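Numbering (the working numbering), first residue to last: 20 to 95.
Right, dumping it as structure tokens:
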């Protein structure tokens, strides 16, 4: 696929960065919901959407990490 080691390394780093950003985004949404439940404020109607979006963020992060490990292995 890509034989240039510097481009492969850059892509591996970018995939890792995007995976970390996705995990942080999903965790942020769940933290907002958790704070709302702990403070016993009325939960907004968007709660199921927040959970779904958080799960999508986690799925995207997993896909990024799998692609990073399977496709862009470090060259020996």
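Where a beta carbon is used, it is the ideal one built from N, C-alpha and C, also for glycine. These numbers come from a predicted model, not from an experiment.
Query                                                                                   : Result
Per-residue DSSP class, three states only, for residue 92                               : coil
The segment 83 to 91 / the segment 35 to 53 touching (three or more Cβ pairs under 8 Å) : yes
Beta carbon of residue 45 nearer than 8 Å to that of residue 68                         : no
C-beta contact flag for residue 66 and residue 52 at 8 Å                                : yes
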